[in-house]
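K.L.:
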C-alpha cells in the first residue's frame, strides 16, 4: 500500500502553521472543499515531522514561517527546511510523497528548489499567504491533481522540467508505454502520471472529451520543437 | 595599512554583522507581526467587502513593507548585483537562487534570438549547492550566465532549444604518468541556433587564443576567462552538433582549505 494504490475514505491532510488565527481560517475552508478529508494540524517543525510519519498525509499545507519547536521564534528557514526534506524524501519515503501546498508572506526562497519541485513525485503549489481563501483552495486543487503551480511574474513561454521532456521523447519518439517509461526513468507510475498532467498544464491544453489528450499533447510538443 | 586590512577590516565586519543582526530582528518582528496581520486581513476580505481603494492600499503596504527589508539588506551589505531593468540581486543568497533569478530575468528580455524560442527548460542548479564561493565568485558566475544567455539572444538565429545544465562530475587527469580522478563543477549553456559565421569565427578565435589583441574587443570572453582563472578552472566555447554553440565553465570542487574556512567564520 502506498499513495499509488491507497484510496482511503478519509484522506488525511496536515496543516502546519503557528498562528492559531490562520489555522482557524485555513482548516474550515479546506474541510469545505474536501468534506471527506481528515484534517490534522501542527504548529511547529518537530510536531509536523512526527505527524507526517504517523498519518502519511495526502496533502500538506505548510506555512514557511514556523518555529523549530514549541516556544522558539518562527523563521522562514525552518519551513523551508521542512519543504526541502519533503521534496528530497528525507522526511517520508518517496512512495508516500504527499501533495504539498506552501503558504508564505514571501515565497521567493523557494526559487532555488524550482527544478526539484517540478521533478517531485507529488503535486505542489506555492502561494502568497495574503490570497483570499477561495483562490488558495484553487491552487491547492492544482497540487491535489498532481500538477505544479509556482507564481511567475510574467508568463512568457511554457517552462518544462527536463524529466517531462524525457517523458515526451520516450512516448512519442520511442513509443514506450507509461509503465515502461517509469521503469526506464527509475520512478513510479504515479510520478509519470503527474508528469503528464504537468506537461498538459504547461502547454495550456484543456480537457476536451472529443479530443484525445495524448494526441493533443503530441501535436503541440511537435509544433513548438519539444520533440522532432 | 589600507582600509580593507587588519583591525579596520575586522571592525568593519563587526559593524556590518551588528547592523545585519538588527535588521534581521526588525524584519522578524515585522514579519511575525504586521505582515501576518495584513495577510489575515487581506484573506478575510475574499468577498471584497473592504472596497477597492482600501484593498489596493493594503496590498501596497504589504509589498512596501517587504521592499524596505530587501533594500535595507542590500544597502548595508553592499553585496548586490545590479542587472538590467532595475533588478538587484542579493549576493548573500544561495548561488542556485541567484542563477535562477538571472536565468528568468534574462530570458524575459527582448532579444531577437529569443523570438523563435517557444519553451524553456527549468535549469537545475542544485549540483552547485555544495560549492564554497566568495561573494565575488558568485557575482562572476551570475554575470557569466547572463553574458552567455545574452550572447544567444543577440547573435543566435532560429534557436528552438536553449538548455542550461549544471553538473558535478569526475574528470580524469594524468599527472606524472599516473592517472587520477578529481571532482569538478560545470555550468553549461547550450543552444541549437545558427550563429552568423563572422561572429562564430571571431568568438572562436577569442576563446582559443587568450593573448589575442582582439580580446579587448569582447569583454564577455575576457571576463569569462578571468573568472575561470580565479576559480582555477577553464572556460570553453565550442560548436554544438549539428548546430549551435556550447559555452561552459569548469572548476575543481576542492574542499575548502583551513584558511578559507577561517575567512568564512570571521
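Protein chains in written order, with the working numbering: chain A, 1 to 228; chain B, 1 to 266. Glycine included, each C-beta is placed from N, C-alpha and C at the ideal position. These numbers were taken from a predicted model, which means no experiment stands behind them.
Give a yes or no on whether 8 Å exceeds the smallest Cβ distance from residue 116 of chain A to chain B.
P.N.:
Along the first chain, read from residue 1 onward, the residue named residue 116 of chain A stands at position 116. By this cut-off, residue 116 of chain A is an interface position.
K.L.:
List in chain order: all unbroken alpha helix (DSSP H) runs of 4+ residues lying wholly within the stretch 59-128 of chain A.
P.N.:
Runs found: 76-87 and 114-119.
K.L.:
Counting only C-beta atoms, is residue 264 of chain B closer than 8 Å to chain A at any point?
P.N.:
By one-based count along the second chain, residue 264 of chain B stands at place 264. Note that residue 264 of chain B scores 45 on pLDDT, short of 50, meaning its location in the model is unreliable and no value can be drawn from it.
K.L.:
Once DSSP output is grouped into helix, strand and coil, what is the label at residue 9 of chain A?
P.N.:
If you number the first chain from 1, residue 9 of chain A lands on position 9. Three-state result, residue 9 of chain A: coil.
K.L.:
From residue 123 of chain B to residue 116 of chain A, what distance separates their C-alpha atoms?
P.N.:
The sequence position of residue 123 of chain B within the second chain is 123, counting from 1. The sequence position of residue 116 of chain A within the first chain is 116, counting from 1. Taking the straight line joining both Cα atoms gives about 10 Å.
K.L.:
Is residue 202 of chain A helix, strand or coil by DSSP?
P.N.:
As a first step, residue 202 of chain A is located in the first chain; it is residue number 202 there, counting from the start. Residue 202 of chain A: helix per DSSP, three-state reduction.
K.L.:
Compare the C-beta of residue 119 of chain B against all C-beta atoms of chain A and say whether one is closer than 8 Å.
P.N.:
Numbered from its first residue, the second chain carries residue 119 of chain B at position 119. Chain A contact via Cβ: present.
K.L.:
In whole angstroms, what separates the C-alpha of residue 37 of chain A from that of residue 60 of chain A?
P.N.:
As a working note, residue 37 of chain A is residue 37 in the first chain. As a working note, residue 60 of chain A is residue 60 in the first chain. Those two C-alpha atoms are separated by around 12 Å.
K.L.:
Closer than 8 Å is the cut-off here; do at least three beta carbon pairs connect the stretch 193-211 of chain A with the stretch 151-158 of chain B?
P.N.:
Because the criterion of three Cβ pairs below 8 Å is not met, the stretch 193-211 of chain A and the stretch 151-158 of chain B do not touch.
K.L.:
Whole angstroms are fine: how far does the CA of residue 94 of chain A sit from the CA of residue 248 of chain B?
P.N.:
Position 248 of the second chain, counted from the start, is the residue given in the question as residue 248 of chain B. Position 94 of the first chain, counted from the start, is the residue given in the question as residue 94 of chain A. The straight-line gap from Cα to Cα measures roughly 34 Å.
K.L.:
How far does the beta strand (DSSP E) with residue 38 of chain A in it extend, from its first residue to its last?
P.N.:
Here the question's residue 38 of chain A lines up with position 38 in the first chain. Element bounds for residue 38 of chain A: 38-42.
K.L.:
Apart from the five residues on each side of it in sequence, which residues of its chain come closer than 6 Å, Cβ to Cβ, to residue 202 of chain A?
P.N.:
The count along the first chain starts at 1 and reaches residue 202 of chain A at position 202. Taken in chain order, the residues that qualify are 158 and 160.
K.L.:
Closer than 7 Å by beta-carbon distance: list the chain B residues that pair up with residue 74 of chain A, in chain order.
P.N.:
Working through the first chain from its first residue, we reach residue 74 of chain A at position 74. The contacting residues are 32.
K.L.:
Take residue 165 of chain A as the anchor and find which of A:152, A:118, A:188 and A:130 has the nearest alpha-carbon.
P.N.:
For the purposes of this step, residue 165 of chain A is identified with residue 165 of the first chain, where counting begins at 1. Ranking A:152, A:118, A:188 and A:130 by Cα distance to residue 165 of chain A puts A:118 first.
K.L.:
Any idea which residues DSSP pairs residue 252 of chain B with across the strands?
P.N.:
The residue you call residue 252 of chain B lines up with position 252 of the second chain. Bridge partners of residue 252 of chain B: B:184.
K.L.:
Please name the residue in B:172, B:103 and B:177 whose C-alpha comes closest to that of residue 165 of chain B.
P.N.:
Position 165 of the second chain, counting from 1, holds the residue named residue 165 of chain B. Comparing Cα positions, the closest option is B:103.
K.L.:
Counting C-beta neighbours from all protein chains within 10 Å, is the total for residue 76 of chain A 16 or more, i.e. buried, or is it exposed?
P.N.:
Numbered from its first residue, the first chain carries residue 76 of chain A at position 76. Burial call: buried.
K.L.:
Flag this pair as yes or no: are the beta carbons of residue 193 of chain B and residue 113 of chain B separated by less than 8 Å?
P.N.:
What you label residue 193 of chain B is simply residue 193 of the second chain in a count that begins at 1. What you label residue 113 of chain B is simply residue 113 of the second chain in a count that begins at 1. In contact: residue 193 of chain B and residue 113 of chain B (Cβ atoms closer than 8 Å).
K.L.:
Per DSSP, what kind of secondary structure is residue 34 of chain A in: helix, strand or coil?
P.N.:
Taking the first chain and counting its residues from 1, the one referred to as residue 34 of chain A is at position 34. Coil.
K.L.:
How many angstroms separate the CA atom of residue 58 of chain B from the CA atom of residue 16 of chain B?
P.N.:
To locate residue 58 of chain B, count along the second chain from 1; it is residue 58. To locate residue 16 of chain B, count along the second chain from 1; it is residue 16. If I take the Cα positions, the gap works out to 33 Å.
K.L.:
Scan the stretch 159-178 of chain B for residues whose Cβ lies nearer than 7 Å to a Cβ of chain A and list them as they occur along the chain.
P.N.:
Listed in sequence order: 160 and 161.
K.L.:
Any residues in the stretch 82-115 of chain B with a beta carbon nearer than 7 Å to a beta carbon of chain A? Which ones, in chain order?
P.N.:
Going along the stretch 82-115 of chain B in chain order, one finds 94, 96, 97, 100, 101 and 108 with a Cβ nearer than 7 Å to chain A.
K.L.:
For residue 47 of chain A and residue 230 of chain B, I'd like the C-alpha separation in whole angstroms.
P.N.:
The residue given as residue 47 of chain A occupies position 47 in the first chain. The residue given as residue 230 of chain B occupies position 230 in the second chain. Roughly 46 Å between the two C-alpha positions.
K.L.:
For residue 99 of chain A, count neighbouring Cβ atoms within 10 angstroms of its own Cβ and tell me buried if that reaches 16, exposed if not.
P.N.:
As a working mapping, residue 99 of chain A is identified with position 99 in the first chain. Counting Cβ neighbours within 10 Å, residue 99 of chain A comes out buried, since at least 16 surround it.
K.L.:
Could you pull the start and end residues of the beta strand (DSSP E) that residue 139 of chain B belongs to?
P.N.:
By 1-based counting over the second chain, the position of residue 139 of chain B is 139. Counting along the chain, residue 139 of chain B falls outside any beta strand (DSSP E), though it belongs to the alpha helix (DSSP H) covering 135-155.
K.L.:
Quick one: residues in its chain with C-beta nearer than 7 Å to the C-beta of residue 27 of chain A, no 5 flanking neighbours on either side, listed in chain order?
P.N.:
Residue numbering aside, residue 27 of chain A sits at position 27 when the first chain is read from its first letter. So the list reads 15, 39 and 41, once near-sequence residues are dropped.
K.L.:
What is the DSSP secondary structure of residue 56 of chain B, counted as helix, strand or coil?
P.N.:
In the second chain, residue 56 of chain B corresponds to position 56, counting from 1. Note: residue 56 of chain B maps to helix in three-state DSSP.
K.L.:
Return the bridge partner residues of residue 246 of chain B from the DSSP annotation.
P.N.:
What you label residue 246 of chain B is simply residue 246 of the second chain in a count that begins at 1. Its beta-bridge partners are B:190 and B:238.
K.L.:
Put residue 292 of chain A into one of helix, strand or coil per three-state DSSP.
P.N.:
The displayed coordinates of chain A run from 1 to 228. Any statement about residue 292 of chain A would go beyond what the structure contains.
K.L.:
Whole angstroms are fine: how far does the CA of residue 10 of chain B sit from the CA of residue 108 of chain A?
P.N.:
Counted from its first residue, the first chain places residue 108 of chain A at position 108. Counted from its first residue, the second chain places residue 10 of chain B at position 10. Approximately 32 Å between the Cα atoms of the pair.
K.L.:
Does the stretch 140-147 of chain A come within contact of the stretch 120-131 of chain A, defined as at least 3 CB pairs closer than 8 Å?
P.N.:
Judged by Cβ distances under 8 Å, the stretch 140-147 of chain A makes contact with the stretch 120-131 of chain A, as three or more pairs qualify.
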